[in-house]
Every structure is written in structure tokens, then in C-alpha cells.
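Okay, structure first, notes after.
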Amino acid sequence: MHFMFMKIFYLTPLQAAIPNRHLLPLLARDPLLVKYPKLWACTSVSRVISTYTPTIKVLSYARQKELHLFDECGASLSPERSRNAGLLLVPMPETPSAASLPSVNEEVQYIRDSATKSAIKITVLGNPTSAEVLKQVQHHVIVHFACHGVSDPNPPNSHLVLLTPDGTNADKLLARDISSLNTPDAQLAYLSACSPAKNPSTILADEVTHLASAFQLAGFSHTLANLWETEDQASSEVARDFYDLLFQDQGNVDDHYRVSAAFHKAVKKVRDKRPANYLGWAPFVHTGA
């Protein structure tokens, strides 16, 4: 069963006078897609920011953790206050025995350009091993993976594809290894990979066990992922627009809300460009606070 945490925002002046609300519907299945673009203005996909959580306890923990990317006035944090606010980028444009991901380098450059609006430190691990990533993840507030991913029928074996120590073969960053990490300062994991929010198990079909939930179990307040394999270009566009919005000066805005709102707007932008291609924009989901 999925818990869907919906952050309502109202679009008309009259509706804006109504206080924002949090709704918590319980879903045995994922939400149905609305296939007809002319009806979208009247649907929840245009009126709410949808957030998923594997359990109520995980949601409560995620919302208790403070996220500080910007100060009380909306400006980027000073270097002193942001000394622990590191951004880890893990790009894999080329993977042994797998298709190339031509948009990865462009995606990473967009993120680096957007992050310059903040004092956040950037670390890039190009073609790393799983051991290197596990070590670095524990020391960064934000981690972004742009690589291949595999959803396994045995969910703990779902993995992101990296490299072996010799740099010649594909290695696996397993969900079970991620979930066992201790990351008290972790806030945001962006998984720009194939199906990291998918659970293909028929035996555990009612369990929220996949790569995205593994990062939440490790302590990340927010996980951004997709439910099925998406177009390389669409994934790059969503990531680019998300980070551009995330690091914009928006005044005194709650940073947890900033994350979910930025992702919602980034996905909506792709949807508005190619409305008929709902398989290309619908899989992107936000899990967390």
C-alpha cells in the first residue's frame, strides 16, 4: 500500500484565501493517469503537489529533519553555515555492456551551473565504484545519480549500475547496502536512473521496497525518482529545471516545500511541452517530507 501525501495549493484568488492543506489518501494502487490534456486544469495533477511515503513513521522522521539550503531571508547560506551542505554528483554516461546515456554530461553541467547560486560545495564522482559512492553518500546533504538502474524481482537486490574497481566491468550499488547506511545529515537523493521507484516483485507487490525507499530508510528526507524507464532527454530536462528552481531566491520559503514544489513544477514543464506523451512525464515521483 502506498501513502500519498498531498500538499494542496490553490490556483484562483478565491481558493488562495483557503489555508493550505495536507491530505493523506491511502492508495492500494498508484494514481490513475488523466489522459485528456483539456481536462488537466481541473485535475489533482495540476492542483496538488503529490508526495509518497513508504510509512507514516518515515514521513514523520523526514519532516522532523530541518533542511537549510537558504537563510531566513531566502538568500543562499554563507560558506560557514553551508560547510556541511555538500552536493554529490555521480554521473555514468558510459557503462560497460549497457546503452550510452548521452544527456548525462549535459545534465551534470546544468546542475553545477544552478548550484553556483548557492554556497553549496560540489563533488563529482565520475565513473566511481560502489564502495566509493557508499563512502561519499554519508558525507553529503544532496546526492544526484545519473546512471543506469535495475529493478530486481527481489527488491533488496535492485541496484544502480556503477563500475568495478578495475574500471572495466559494471558493478552494483545495491538497495540493501544503501538502506543500511547511517546518514543523519542526508536530505535529498535524486535518482536519475531507470525505474528506481519500481517494485517488480509479485510476491511483495504490496510492499514499498525499491531503490527510492532504500534512500529514505538510510535517512534521506526527500527522494526523487521514476516508476519506469524514461527518455534520457526528459530525465535531463526535469533534473535541469528542478535544480534551477531549487536554487532560486524565493524569499523565506520552507526548504522542504521548496524541494517538492520545484520537482512538481519541473515535471509539469515537461508535461506541458509534450502533453500527449504521458509515458514520458508521468513516472516522475517525489517521496518524502
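Under mature numbering (1 follows the signal peptide of the UniProt record, and there is no 0), the residues of the sequence shown are numbered -16 to -1, 1 to 273, in order. Cβ coordinates follow ideal geometry from the N, Cα and C atoms, glycine included.
- Between the alpha carbons of Lys249 and Phe226 lies a gap of roughly 8 Å.
- Taking Gln217 as the centre and dropping the five residues before and after it, the same chain places the C-beta of Ser87 closer than 6 Å to its C-beta, in chain order.
- Look at the segment 81 to 151 and you find these whole runs of alpha helix (DSSP H), each 4 residues long or longer: 88 to 99 and 114 to 121.
- In this structure His124 does not touch Tyr174 by the C-beta definition: roughly 12 Å separates them, more than the 8 Å allowed.
- Following the DSSP letters along the chain, one finds Gly264 in no beta strand (DSSP E) but inside the alpha helix (DSSP H) bounded by residues Tyr262 to Trp265.
- By the criterion of at least three beta-carbon pairs nearer than 8 Å, the segment 143 to 158 is in contact with the segment 106 to 113.
- Taken atom to atom, the span from the alpha-carbon of Thr167 to that of Gln122 is near 5 Å.
- The alpha-carbon of Ala198 is positioned some 12 Å away from that of Ser135.
- Pairing Leu43 with Gly203 gives a Cβ-Cβ distance that is not under 9 Å.
- Exposed is the label assigned to Ala83, since fewer than 16 other Cβ atoms lie within 10 Å of its Cβ.
- Short of 6 Å from the beta carbon of Lys41, and not among the five residues preceding or following it, lies no beta carbon of its own chain.
- Per DSSP, the beta-bridge partners of Leu175 are Phe129.
- Within the same chain, and ignoring the five residues on either side of Thr107 in sequence, the residues whose Cβ sits closer than 8 Å to its Cβ are Gly70, Leu71, Leu72, Leu73, Gln120 and His124.
- Distances from the CA of Thr100 to each of Phe231, Asn153 and Leu85 were compared; the closest alpha carbon is that of Phe231.
- By alpha-carbon distance to Glu215, the top candidate from Val243, His132 and His206 is His132.
- Between Ser81 and Ala154 a beta carbon distance of about 6 Å is seen, short of the 8 Å cut, so the two are scored as contacting.
- In this structure, Leu172 and Val243 form a Cβ contact; the two beta carbons are roughly 6 Å apart against a cut-off of 8 Å.
- Within the same chain, Cβ atoms closer than 7 Å to the Cβ of Phe268 are found at Asn210, Val222 and Val251, the five residues on either side in sequence being excluded.
- For Ala177, the closest alpha carbon among the candidates Ala130, Ser34 and Leu208 is that of Ala130.
- Between Asp239 and Leu51, the C-beta gap is smaller than 9 Å, which places the two residues in contact.
- Bridge partners of Lys49 according to DSSP: none are assigned.
- By alpha-carbon distance to Glu116, the top candidate from Lys156, Gln93 and Ser179 is Lys156.
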